[in-house]
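J.: If you're matching positions, the sequence shown starts at 50 in our numbering and goes up one per residue.
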Amino acid sequence: MGEIIAQILLGIWMLTQAACHFFGLDVFLRQSVRDSLSKEARASFQRGMVLPYLILGMTFIGMGIVERKAVLSMPLFLGLYIILCAASLAGVLRNNKKHLGHYMW
50 MGEIIAQILL
60 GIWMLTQAAC
70 HFFGLDVFLR
80 QSVRDSLSKE
90 ARASFQRGMV
100 LPYLILGMTF
110 IGMGIVERKA
120 VLSMPLFLGL
130 YIILCAASLA
140 GVLRNNKKHL
150 GHYMW
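#1: Are the segment 59 to 79 and the segment 93 to 102 touching, with three or more C-beta to C-beta distances below 8 Å?
#2: Quick test of your reading: Leu127 and Met63, contact by CB under 8 Å. State the CB separation rounded to the nearest angstrom.
#3: In its own chain, which residues sit with a C-beta less than 7 Å from the C-beta of Met112, not counting the 5 before and 5 after it?
#4: Who are the Cβ neighbours of Phe71 in its own chain at under 6 Å, not counting the five residues just before and after it?
#5: Going by DSSP in three states, Tyr102 sits in which element: helix, strand or coil?
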């Protein structure tokens, strides 16, 4: 039960980050990102982070609920989880490469 609550809280955290990026808040941006990007580039960077974080948040919450209800078999559950998270993380990495010049933070 605890890991399901952790998944849902992680999903809420990702949705909070998506909302902060959507509204252009610099709360979750590293200082190096703030220093290296101009205000316009930072706004573009944050717009690119909204969708991946939104998808990750919904994935974590949805999969937490699916795990609790035990609707899917374990191999199908893990495969779906990995595919959905990998697609979102690829979006984050692509956005980092586009704006910062490297894949990782």
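The beta-carbon is built from N, C-alpha and C at its ideal position, and this holds for glycine as well.
T.: Working from what's here:
#1: Flag = yes, the segment 59 to 79 and the segment 93 to 102 touch.
#2: About 19 Å; that fails the 8 Å criterion.
#3: Here the set comprises Gln56, Tyr130.
#4: Once the five neighbours on either side are set aside, the close Cβ partners of Phe71 are Val99.
#5: In the structure shown, Tyr102 falls within a helical segment according to DSSP collapsed to helix, strand and coil.
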